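Those protein sequence lines, which keep their order, are chains A and B.
Quick note on the numbering used here: the first sequence kicks off at 1 and runs consecutively.
Quick note on the numbering used here: the second sequence kicks off at 380 and runs consecutively.
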Amino acid sequence: MQFSESHYLLSSKPAPLANFSGLLRRLNVDVPLLGGLLLICTFGLFVLYSATGESSRLLINQAVRLGIALVAMLIVAQLPPDFLRRWTPWGYLAGLLLLVLVLTKGDVGQGARRWLDFGIRFQPSEAMKLAVPMMMAWYLHDRQIPPRIGHLAVIAGFIAIPTYMIAQQPDLGTALLIAISGVIVIILAGMSFRLMLGLGVLAVPGALVLWNFMEDYQKQRVFTLFNPDSDPLGAGYNIIQSKIAIGSGGLFGKGWTNGSQAHLEFLPERHTDFIFAVLGEEFGLLGVLSLLALYLFVIARGLYIAVQAPDTYSRLLAGSISLTFLVYVFVNTAMVTGMVPVVGIPLPLVSFGGTSMVTLMAGFGILMSIHSHRKLLPH
Amino acid sequence: MKLLSPIKDHHSERLLFIGRAIIASVVSVMLLGLVVARLVQLQVFNHELFAEKSQGNRVRIEPVPPIRGLVFDRKGRVIAENLPAYQLELIPEQVDDIDDTLNRLAAINLIEPDDIPRFKELSRSGPQFKPITLKFRLTDEEIANFAIQRPRFPGIDFRPRLVRHYPNGELFAHAVGYVGALSAGDLRRLDSARYAGTSHTGKTGVESSFENDLHGYAGFRHLITNARGRQIPADSRELLDSLPIDQTPRPGSNIYLSLDLDLQQVAYDALAGRRGAVVALDPTNGEILALVSTPSFDPNLFAVGMSTAQYGELQNNLDRPLFNRAIRGSYPPGSTIKPMLSLAALETGATNLTRKTVCIGYFQLEGNEHRYRDWKPEGHGPVDLHDAIEQSCDVYFYQLGVNLGIDNMHDYLTRFGLGSATGVDVLGEGPGLVPSREWKRNNFSDRDNQRWYHGETVIAAIGQGFMLTTPLQLASAVGTLAMRGDRYRPHLVAAVEDPVSRERELVEPELIGNVAIGNTFYWDSVLAAMHDVMQGPRGTARAVGTGAPYEMAGKSGTAQLVSIAQDEEYDKEEIAERLRDHALFISFAPFDDPRIAVAVIVENGSSGSGVAAPIAKAIMDQYLGYGDDAIQ
């Protein structure tokens, strides 16, 4: 805090813009990261407005959620990494407890038990998206890097327990994302590639076992990916329609609110999981590349913050948050373009929906906190 | 080093992390690159394919049914037209409780309770936004009544539509026929592209036989629809940059009938209250001038749709109003064939103009006691051919028949067009039957019945026994007599008019046969006898013909339905009305220049000359300009 303030004082011209920028710095906000995020959100609101059939009600709803998420980000940014680290185990345990509550007392919606209602409804699995990498980073913080086999087994357990519980809800998409965020921590922690290769080989029979445990509708999604035309009005419908939407957008798109696929309701889930297709249809290749560039910028900034981070906990956490964000973007866009099976993963910061946005922004708040609270090490 | 290992080496850990972060960055860029490659594939290389698919997605082709051609009589008066009518519709998705709504509609008599299960089934199948028709035509009263109660029936509304309308009701029901709702069978048979959007098709009569001309060709228009096929309101049509061009439907051709509305009315009125048929035609070209079958029915019931109960009533009516007696009814021709047999007998030498037969009231075959009775119990005394025709002496013709033989009878009656379809231009014509030895051989299974018996020849000579003719065949036959042997194909349609260019294609008269009796003297003699039937001192129909302002020729007939036991008196009072003889009459006029030929049959009318002949006369009066309106 002192550091950034002195920077401000040293600057020769306290212009209004610099004033504002200074205020943001004092609030531990990382201006490039915030800029990238706000650009994505703004772009997202435009697309959402069109995708909802020009519903200002949903637009305002989303904008309010965005505001809440930004506030959450600001709050988290004020919490120093050391503080976060100290509270991490308790947070993780609390998260597990809530997951148990979900499985026993949760609200059922669309055939799955995902919600808890304490006055406000929320999904504890969302909190675990952050709690799992935090817990792993906490564990590795005081230990040797790269981790030994025994430590690896422990942190694998940190991943496995919540992943299993969330998969039981069932919420395969979130379970998968949490597992991936954990694996990212392990990779960033320097696990040897030889070991990874070995585990990769082991993963093949593991996948076969997993296949046996998958629900029929989940298996169907995999089949459908490889041959969407086999069931054009059933499971393949989403993929076919979203490919038509994106492909028909061409280089420059059909223009904002002129996407026939979305506006004539051919595209299902158009304002939630498949909003990327609306973007592709209305803004063309130019539009999707712009959004992907913004995402890439945010991810790059996140990795830069991770590399600049002073300790293991911060580094691993920042790296995991940034790369998990990448996984979000990749899985959603690959799903909408028909490259991976349809899993319920929204396009971050653009798809309509509340909880995931708060989690995401809280994650970026952690990144900002890490960056602004770092102490320069003597080199 | 081992001692140091638990102590963290910050520098190397940082380097390790940076290495991993670089790898992660590279992998990230590769993953997003993969997505970009996919996007380029979809949006650049396959763009046209997907653009086409997206266009196909939003544009739906909706058929526009053509307007059915009109039907006019020979003077251009409308016989079948299309009128806007309000129909009652139900849109399933807008109705909360289909059962309740239908029950309440039945309660206010807008629909029949019997039809509720059918409507329920219809509302379940098919798209929920597509209206189903509950009633094809609402009366003004029903519209007014429903309009008041409309708020009670969300999802129920009335909508205008063109409905086939027959302004003359029952008058042309059998000649022109009617249209009815397309059945599953119709849909299989008809060209689905041409009938896209069509709800009705011709079922009988001209409506059915000229369906191809009357229907026209469906057009289509393009609609923008959403994924569920619902049309998007016009204000969002701006979404479309290049709508394919719509095609307007081609209306059906108009048809001009040879029928005359006035003549048809006279014939219908004359037959009123009876079961029977009238066919009048122009013998010089085969144009049918009147074609009536009674009792009739209102063809509008079929066009509009009727309740199951109404249809059942028509179907089960003992008088069979739906049955087209004029072209399908098969009746023994009775004495009406006597002029034709006379010509055959003269031509073959089976009789001559001077030979006389003494009629003693009955005829007996040699070596057989059975008496074939004359209609006149006391007999006609000595009669020649002229007398026999004029007075309709049965005994003369029994003898003539025996001389002529059944195969000659068959040969000549067939030349007059009896016993086979006339080839009239509407479907459903009955063939009739003129028996022969060969026919009997082929159509009976046991040996005794396969033989032809002399007695069968005897009764065939007065048009009884196996012999059956339709009123249309009799009209055609008497026309052939009038034309001295030339037989034209009877037809109802005189011209087909192109709906756009208004060009009319006339139906040319078609000579389809000649009786091939060259001796005009034979014709003169037989036709003179027919003339005297009407206007001779002893003609059977002189009561009808005498005093007419024009000369005519005719022949009455009476077809026995009940065989009368030997020596038993025929008492028509005692025979139940439906078992009485059929009354037949054939005639043409004017005698010297025949312009109209008429066949009349009145079921259970008892007397050809007494009941059927006045009907024929009324028609000829009208046609030749001496009708009631002409007198006024």
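All C-beta atoms, glycine included, are put in the ideal place defined by N, C-alpha and C.
Quick caveat, the model's predicted, so the values are computed rather than measured.
C-beta neighbour in chain A for residue i, strict 8 angstroms
i	result
B/N822	no
B/R616	Model confidence at B/R616 stands at a pLDDT of 47, short of 50, so the residue's coordinates are unreliable and nothing is read from them.
B/S709	no
B/R417	yes
B/R883	no
B/S621	Note that B/S621 has pLDDT 47, beneath the 50 cutoff, so the model's placement of it is unreliable and the number below is only indicative. No, because no Cβ of chain A sits closer than 8 angstroms to the Cβ of B/S621.
B/V423	yes
B/R399	yes
B/S433	yes
B/S384	Interpretation of B/S384 is limited by its pLDDT of 46, a score under 50 that renders its predicted location unreliable; no figure is taken from the coordinates.
B/V414	yes
Pair within 8 angstroms by beta-carbon distance, residue i and residue j
i	j	result
B/T836	B/G784	yes
B/P463	B/L513	no
B/L418	A/L285	yes
B/M719	B/Y791	yes
B/T937	B/Q770	no
B/D493	B/T673	no
B/N633	B/F451	yes
A/G280	A/I246	yes
B/H579	B/A554	no
B/G556	B/T518	no
B/I458	B/F551	yes
A/M357	A/L347	no
B/D698	B/G548	no
Closest Cα partner of residue i within the set the options
i	options	result
B/F515	B/P530, B/A526 and B/L469	B/L469
B/I841	B/T715, B/A563 and B/T736	B/T715
B/G652	B/K996, B/G984 and B/Q1001	B/G984
B/Y647	B/D753, B/P533 and B/L668	B/L668
A/F266	A/G236, A/L292, A/Y295 and A/L291	A/G236
B/V658	B/L871, B/P878, B/K934 and B/Y751	B/L871
B/R538	B/A526, B/R531, B/H544 and B/L449	B/A526
A/H141	A/L316, A/I345 and A/V343	A/L316
B/T406	A/L208, A/A153 and A/L326	According to the sequence displayed, residue 406 of chain B carries Val and not Thr. Ranking A/L208, A/A153 and A/L326 by Cα distance to B/V406 puts A/L326 first.
B/R503	B/N695, B/A430, B/L680 and B/V474	B/V474
B/P445	B/F599, B/G691, B/G798 and B/F964	B/F599
B/G713	B/D960, B/D972 and B/R453	B/D960
Heavy atom of the ligand NAP within 7 angstroms of residue i beta-carbon
i	result
A/I239	Ligands in the displayed structure: none, and consequently the ligand NAP is not present.
Cβ of residue i within 8 angstroms of any chain B Cβ
i	result
A/T312	yes
A/M136	no
A/S55	no
A/G206	no
A/I187	yes
A/M339	yes
A/I366	no
A/V307	yes
A/A203	no
A/R315	yes
A/F83	no
A/I178	no
A/F330	yes
Residues that residue i bridges to, as DSSP identifies them
i	result
B/Q626	B/F599
B/C738	B/G760
A/W115	A/D107
B/N893	B/D865
B/F967	B/A932 and B/A976
B/P442	B/F599
B/L660	B/I667 and B/A976
Assess, as a yes-or-no matter, whether the segment 238-258 of chain A is touched by the segment 390-399 of chain B under the definition of 3 or more beta carbon pairs within less than 8 angstroms.
no
Pairs of beta-carbons, one from the segment 89-104 of chain A and one from the segment 50-70 of chain A, closer than 8 angstroms: are there three or more?
no
Is the number of C-beta pairs between the segment 358-374 of chain A and the segment 22-35 of chain A that are closer than 8 angstroms three or more?
yes
Decide yes or no for the touch test of the segment 162-174 of chain A against the segment 93-102 of chain A: beta carbon pairs closer than 8 angstroms, at least 3 of them.
yes
Take every Cβ of the segment 153-167 of chain A, pair it with every Cβ of the segment 177-195 of chain A, and state whether three or more of those distances are shorter than 8 angstroms.
yes
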